[in-house]
Amino acid sequence: MKAELVLTFFETEYYGVKLGKLKNVTHGISGIVYYANESLLQIIDFNIDSLPDLELRFFFSDAESSHPASGLYQVLSSPGGEYTKKLKKGSVEAGFSNARLLVGIPKLPETTWTHFGIATQKSWKYLAALKLKKQPPKPFCCISNPLSTSRGIIGKHYQVGTAPIVVLDSRTILLPSFSFKGTSPPDGWVYAGVGKTIDQNTGLKAMVLGRDTPERHCGLHEDYDGTKDLVARLHPSQTIYNIDFIAIFCYQYSVDFGHLRVNLDPERQPVPAWIPPISETPLPKLPPSPHC
């Protein structure tokens, strides 16, 4: 059952707010462009022929000026998961096939870019471009409890509770004013999944940022008194758009300590896309997390 759940999550990846397509048949250019966040565009399935003589760059422009992208990155797969690698100048001319790229948006005073595309610096001409007609996604505030809009998770056990939950990006959530008497139960996890039933077969464990690492991912065994916030990262196969609940959950005995229902839509409530970590080398596959 759990393997089927993960497979279902992988079917719906989220890249941000869709802007349109880049296309130039002559030079083999194609790709779908998204606003990943306020600082990055994301291009999916990007293709371009090898064009070493054209001095190609990604550019942003308005009616009065133009500026090259502030950075170029490629998202790659590795045994330890996806990672983001910074590309060197001249990478575009070498060609790409079905690549996933991140393009830095230059920030200039009193400038709002209206167009984005690939240009040749020899004649300053766009080979493929599109209009930037939409706004970049921002964090979503907030997911509140229908029983009390000033609260998020309202616990049933062990003093579990939060303020309304903030969605920082498609895989990262902020649980403000987090409370949980973690020293009492066998274990406790930030847990997200699908369906009406919350048990070991319907969800996956989230990672608490600043506390957990891929090498050591452990349950919550500390007391939280509501004076601090918790930031959690959903399982790699999940986004905020394909889960139905966020819970504080005892995995050992499959007990729901308290949960909040989630029903966000990427069209109505777009949030920034999660960006894989930057690394110059592939991420190694890690052994299972030790017993904590």
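In this text, residue positions in the sequence shown follow UniProt numbering: the first is 1, and each later residue adds one.
A virtual CB, placed ideally from N, CA and C, is assigned to each residue, including glycine.
All values derive from a computational prediction rather than experimental measurement.
Quick one: which unbroken beta strand (DSSP E) runs of 3-plus residues sit fully inside the segment 27-109? Chain order, please.
Listed in chain order, they are 29-35, 40-48, 56-61, 66-68, 72-76, 83-86, 96-104.
Which term fits Trp124, buried or exposed, when burial requires 16 or more other beta carbons within 10 angstroms of its beta carbon?
In the sequence shown, the residue the question calls residue 124 occupies position 124. Result: exposed.
Just to confirm the assignment, what range does the beta strand (DSSP E) spanning Ser179 have?
Along the sequence shown, read from residue 1 onward, the residue named residue 179 stands at position 179. Per DSSP, Ser179 belongs to the beta strand (DSSP E) from 179-181.
Hey, is the segment 157-172 in contact with the segment 180-188, meaning 3+ C-beta pairs nearer than 8 Å?
The segment 157-172 is in contact with the segment 180-188.
Leaving aside the five residues before and after Leu168 along the sequence, list all residues of the same chain whose C-beta is less than 6 Å from its C-beta, in chain order.
Locating residue 168 in the sequence shown gives position 168, counting from the first residue. So the list reads Pro139, Leu174, once near-sequence residues are dropped.
Any idea which residues DSSP pairs Phe245 with across the strands?
Looking up residue 245 in the sequence shown gives position 245. According to DSSP, Phe245 bridges with Gly193, Arg261.
Are the CB atoms of Leu41 and Phe116 within a distance shorter than 8 Å?
For the purposes of this step, residue 116 is taken as the residue at position 116 of the sequence shown. For the purposes of this step, residue 41 is taken as the residue at position 41 of the sequence shown. Yes, the pair counts as a contact, with Cβ atoms nearer than the cut-off.
Residue 298 versus Leu56 - alpha carbon distance:
Nothing can be reported for residue 298: it is not among the residues displayed for the chain, which extend from 1 to 292.
Indicate whether the contact test is met: 3 or more Cβ pairs, each with one atom in the segment 230-237 and one in the segment 199-207, closer than 8 Å.
With the cut-off at 8 Å, the segment 230-237 and the segment 199-207 touch.
Return helix, strand or coil for Ile165, following the three-state DSSP convention.
Locating residue 165 in the sequence shown gives position 165, counting from the first residue. Ile165 sits in a strand when the DSSP states are folded into three classes.
Quick check on DSSP: helix, strand or coil for Leu283?
If you number the sequence shown from 1, residue 283 lands on position 283. Of the three classes helix, strand and coil, the one that applies to Leu283 here is coil, per DSSP.
Pick out whichever of Val17, Ile29, Asp45, Val25 has its Cα sitting closest to the Cα of Ser39.
Along the sequence shown, one-based indexing puts residue 39 at 39. In terms of Cα proximity to Ser39, the closest of Val17, Ile29, Asp45, Val25 is Val17.
Measuring only the C-alpha atoms, how far is Leu5 from Lys156?
Stepping through the sequence shown from its first residue, residue 5 is reached at position 5. Stepping through the sequence shown from its first residue, residue 156 is reached at position 156. Since pLDDT at Leu5 reaches only 49, below the 50 mark, its modelled position is unreliable, and no value is offered.
Going by DSSP, which residues form a beta bridge with Lys21?
On the sequence shown, position 21 is the one that residue 21 refers to. In the DSSP output, where bridge partners are listed per residue, Lys21 has Ile32.
DSSP three-state label for Ile198, please.
Stepping through the sequence shown from its first residue, residue 198 is reached at position 198. Three-state result, Ile198: coil.
Where does Pro272 land, buried or exposed, given buried means 16+ other C-beta within 10 angstroms?
Position 272 of the sequence shown, counted from the start, is the residue given in the question as residue 272. So Pro272 ends up on the buried side.
Inter-residue Cα distance where the pair is Leu51 and Gly80:
One-based indexing of the sequence shown puts residue 51 at position 51. One-based indexing of the sequence shown puts residue 80 at position 80. Distance between the alpha carbons of Leu51 and Gly80 is about 33 Å.
Provide the residue span of the beta strand (DSSP E) that contains Val231, from first to last.
Translated into positions along the sequence shown, residue 231 becomes position 231. Its beta strand (DSSP E) spans residues 230-233.
When we look at the beta-carbon of Cys141 and count the other beta-carbons within 10 Å, is it buried (16 or more) or exposed?
In the sequence shown, the residue the question calls residue 141 occupies position 141. Cys141 is classed as exposed because its beta carbon has fewer than 16 other beta carbons within 10 Å across all chains shown.
Using 10 angstroms around the beta-carbon of Ile165, count the other beta-carbons present and answer buried if the total reaches 16, otherwise exposed.
Numbered from its first residue, the sequence shown carries residue 165 at position 165. That one is buried.
Along the chain, where does the beta strand (DSSP E) containing Ala119 start, and where does it finish?
The sequence position of residue 119 within the sequence shown is 119, counting from 1. 115-120 is the span of the beta strand (DSSP E), which, as asked, contains Ala119.
Whole-angstrom Cβ separation of Gly28 and Ala69, contact assumed at under 8 Å?
Translated into positions along the sequence shown, residue 28 becomes position 28. Translated into positions along the sequence shown, residue 69 becomes position 69. For Gly28 against Ala69, the beta-carbon gap comes to about 20 Å, at or over 8 Å, which does not count as contact.
What is the residue span of the beta strand (DSSP E) that Cys218 lies within?
As a working note, residue 218 is residue 218 in the sequence shown. Following the DSSP letters along the chain, one finds Cys218 in no beta strand (DSSP E), marked with neither H nor E.
Quick one: give me the first and last residue of the beta strand (DSSP E) that Ile173 is part of.
As a first step, residue 173 must be located in the sequence shown, where it is residue number 173. 172-175 is the extent of the beta strand (DSSP E) around Ile173.
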